Amino acid sequence: MSNLSLYLACVLIWGSTWIAITFQLGQVPSELSVAYRFGLGALILFGWCFARKRPLYYGWPEHRGFMLSGILMFGVNYVLVYYSEKFVSSGLVAVLFSTMVFANLFFARIFFRTAMRGEVAVGAVLGVAGIALIFWPEIARFSHGGNALNGLGLGLLSVLTASLGNMVMVQNQRRGVPVVQANAFGMLYGAVAVLGYAALMGMPLDFEATPRYVVSLLYLAVFGSVLAFGAYMTLVRHIGPGPAGYTAVAIPVVALLISTLMESFQWHAITFLGLALCLGGNVLVLRTERSRA
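When we follow this note's numbering, the leftmost residue of the sequence shown carries the number 13, and every step to the right adds one.
Put into structure tokens, the structure is as follows:
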């Protein structure tokens, strides 16, 4: 695949996974849907590792990292995402998730003492201001902003949790663990942890055998959790992490367009302004980090 094809694959798949999540909401508890999704994703990745004879034997320090990153990234993070989409449209959650660019830089500064330029701070301020403007019509639409504020709060927690998971994954990579193996174990640990939590809470082991649920589950597991990630990592290898990071700018736009068609998301003048500020902040941060690299 060409670099353009890889880029479009990442943007279109990840931009559409947000609406696919809404097809999972309903009869099956969100925790179980998350466990099914990443349990299936882990099986696919382990099968790929076996077929390619990739090493799968690691010590306790590596597994401790797999466990922590899996619980944060593929467990708590996605449970919060599923909860968030019960309150606000999928496109808004996608836009909110684009701020993980800022969260990653913030936590990298704390945990790895990475220097942060002034342009990054400006980009973060623009991004936060944009998110506030985008969410404002949703907040004003509900009485006291209850539903929208719940969705916003859960979405922000999911961003912070995912970013912390990324920090653990960076540490795993510094130990020399390949990304595919790290994700295979991470998805497995995340799925088991969420399944264990569901059992402790007394949730019935439910499954919705409908085309809507099954197809969305397969799409999220195969395309959203395996193929798109493989395309992204290939793109990173071809052009570097800086240019590849610009997928974060296009993904929320695709998600909002899909949300407009399928969820009747309403655009306002303030929405366009907020989206421009949020994406502009992302571009500023990515360009700054790329020039430093």
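Where is the CB? At the ideal position from N, CA and C, for every residue including glycine. Given the structure is predicted, the values throughout are model-derived calculations rather than measurements.
Item, Value
"Own chain, CB closer than 7 Å to residue 240, minus 5 neighbours either side, in chain order", "21, 22, 25 and 26"
"Span of the alpha helix (DSSP H) around residue 83", "Run containing residue 83: none; DSSP gives neither H nor E here."
"Residue 34, enclosing alpha helix (DSSP H) - first and last residue", "15-34"
"Member of 106, 166 and 242 whose CA lies at the smallest distance from the CA of residue 267", "106"
"Minimum C-alpha distance to residue 30 - residue among 67, 43 and 102", "102"
"6 Å Cβ shell around residue 36 - same chain, five flanking residues per side excluded", "45 and 228"
"Secondary structure of residue 66, DSSP reduced to three states", "coil"
"Rounded Cβ spacing between residue 74 and residue 300 (contact assumed at less than 8 Å)", "That belief does not hold up - the Cβ atoms of residue 74 and residue 300 are roughly 32 Å apart, past 8 Å."
"Residue closest to residue 9, alpha-carbon to alpha-carbon, out of 108, 15, 52 and 16", "Since the first residue shown for the chain is 13 and the last is 305, residue 9 is missing from the structure and cannot be characterised."
"Coarse secondary structure for residue 131, derived from DSSP in three states", "helix"
"Same chain only: Cβ atoms within 6 Å of residue 47, ignoring 5 sequence neighbours per side", "203, 206 and 207"
"Where residue 277 falls: helix, strand or coil (DSSP)", "coil"
"Own chain, CB closer than 6 Å to residue 297, minus 5 neighbours either side, in chain order", "113, 132 and 135"
"Test item: CB-CB of residue 43 and residue 210 under 7 Å", "yes"
"Of the listed residues 289, 287, 275 and 293, nearest to residue 99 (C-alpha basis)", "275"
"Helix, strand or coil at residue 51 according to DSSP, with G and I counted as helix", "helix"
"Three-state secondary structure assigned by DSSP to residue 289", "helix"
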